[in-house]
Amino acid sequence: MLKDLAPGVKISISRSISKSFEQYMSRIGWDENKYSLEDFIKEWRQYIITSSSWYSQLSEETKADPVFHEELAAKINETIEKIFNEEPTQEQIEGIEKLQQQHGKEFDYSCKMEAKYIIDSQKC
29 MLKDLAPGVK ISISRSISKS FEQYMSRIGW DENKYSLEDF IKEWRQYIIT SSSWYSQLSE
89 ETKADPVFHE ELAAKINETI EKIFNEEPTQ EQIEGIEKLQ QQHGKEFDYS CKMEAKYIID
149 SQKC
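One point on numbering: in the working numbering, the residue at position 87 of the sequence shown is 115, and numbering is uninterrupted.
Encoded structure:
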């Protein structure tokens, strides 16, 4: 079902997952001990209802279809895995190294999105 959607809708779904995941992880300070897939899914559902255009384009039949939900769950897992596997840029690494020197502490990060969070949160 997911594969049958228009390309723009599929891209929008991926973006909504990515955007809401970034917001969720920022809200919990990228603290792995606070992470809850269930909480993230709740926030993502709220995000797609209030902030995404693709959700309103789906029929009620599609929204209620268990197969669609299974495929969507797989897409969420795939997108999150991609996020965690995306290496920080050299610019981010250098920026964090400077921040570590300025603040006299080490920042742990493992992916590009987490590096962005550290840089953004330390600029304040």
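By construction, the Cβ of each residue, glycine as well, lies at the ideal position given by its N, Cα and C atoms.
| query | result |
| --- | --- |
| Report the residue ranges of all alpha helix (DSSP H) runs contained in full by the region 80–142; include only those spanning at least 4 residues, in chain order. | 82–85, 88–92, 94–113, 118–131 |
| Relative to the C-alpha of Ile111, which residue among Trp82, Cys139, Tyr75 is closest? | Cys139 |
| Report buried or exposed for Ile77, applying the criterion of at least 16 other Cβ atoms within 10 angstroms of its Cβ. | exposed |
| In terms of residues, what are the limits of the alpha helix (DSSP H) holding Ile41? | 35–55 |
| Based on Cα-Cα distance, which residue from Lys144, Asp136, Pro35, Gln150 lies nearest to Gln85? | Pro35 |
| Count the other CB atoms within 10 Å of the CB of Tyr63; is the residue buried (16 or more) or exposed (fewer)? | exposed |
| Using 8 Å as the cut-off, can you tell me whether the region 115–128 makes contact with the region 90–104, which would need three or more C-beta pairs spanning the two stretches below that distance? | no |
| Taking the alpha carbon of Gln128 as the point to measure from, which residue in Glu142, Ile147, Asn113 has its own alpha carbon closest? | Ile147 |
| Could you work out which residue in Val37, Ile45, Glu66 is closest to Ile104 when comparing CA atoms only? | Ile45 |
| Thr117: which of Phe49, Ile41, Met141 sits nearest, CA to CA? | Met141 |
| In angstroms with no decimal places, state the Cα-to-Cα distance between Ser42 and Arg55. | 20 Å |
| Within a Cβ cutoff of 7 Å, which residues of the same chain sit near Ser80, ignoring the five residues on either side of it in sequence? | Ser40, Ser44 |
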